[in-house]
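**Q** Each step along the sequence shown adds one to the number in the numbering used here, with nothing skipped, and position 86 is 997. The beta-carbon is built from N, C-alpha and C at its ideal position, and this holds for glycine as well.
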Amino acid sequence: MWFLLFLLILTSCSCPDTVQAFSGHFDSMNTGSRASIKRLSAEIRNCPQAKKYSVSWRVDLGPNERGWRAVKYEREDKTSGYVGYEFDPGSGFGRDIYLVDDDAIQKVAQEAGSLEDFAKYAKTKT
């Protein structure tokens, strides 16, 4: 019994402030972003107390060109934050950033949506 309680406490405290994940290799920005939003939703459920999340993917940009992209979520408070793309992971947000709550991320993920789908849930857009 004490061992199970210890494991529960240990696993509930093991999330870092920054969660980084990889969602795979995709043939288009659209496909990669939709898969990464689903992964972002899962990471928020797994580590709800983290402050920053980045889910990256590798994308084919042309016949001889590949790149990395990421969906980034940075908390403003305990239940909401800014979500947007990074066109080179680690470089910061690109254009179209939405202030949304965690529930909006879950809804867009369930809809298999993309970044633009956050507009209907946004508190603000920057």
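Can you check whether the C-beta of Val930 is within less than 9 Å of a C-beta belonging to chain B?
**A** Absent from the structure is chain B; it holds one protein chain and no more.
**Q** Quick one: any contact between the region 949-958 and the region 1004-1011, if contact means 3 or more CB pairs under 8 Å?
**A** No, the region 949-958 is not in contact with the region 1004-1011.
**Q** Which residue comes first and which comes last in the beta strand (DSSP E) that contains Asp1013?
**A** Counting along the chain, Asp1013 falls outside any beta strand (DSSP E), though it belongs to the alpha helix (DSSP H) covering 1013-1021.
**Q** Grab the span of the alpha helix (DSSP H) containing Glu987 for me, first residue to last.
**A** No alpha helix (DSSP H) contains Glu987, which DSSP labels as neither H nor E.
**Q** Note the first and the last residue of the continuous beta strand (DSSP E) segment covering Ala932.
**A** Ala932 -> beta strand (DSSP E) spans 929-937.
**Q** Based on Cα-Cα distance, which residue from Phe937, Ala1015, Ala1033, Cys958 lies nearest to Trp968?
**A** That would be Phe937, whose Cα lies nearest to the Cα of Trp968.
**Q** Is it the case that the Cβ atoms of Lys962 and Thr990 are separated by a distance below 9 Å?
**A** Cβ atoms of Lys962 and Thr990: not closer than 9 Å.
**Q** In this structure, does DSSP put Lys962 in helix, strand or coil?
**A** In the structure shown, Lys962 sits in coil (DSSP, three-state: anything other than H, G, I, E or B).
**Q** Who are the near neighbours of Phe933 in its chain, counting only those whose CB is closer than 6 Å to its CB and skipping five residues on each side?
**A** Counting only Cβ-Cβ distances below 6 Å, and skipping sequence neighbours, we find Ser967.
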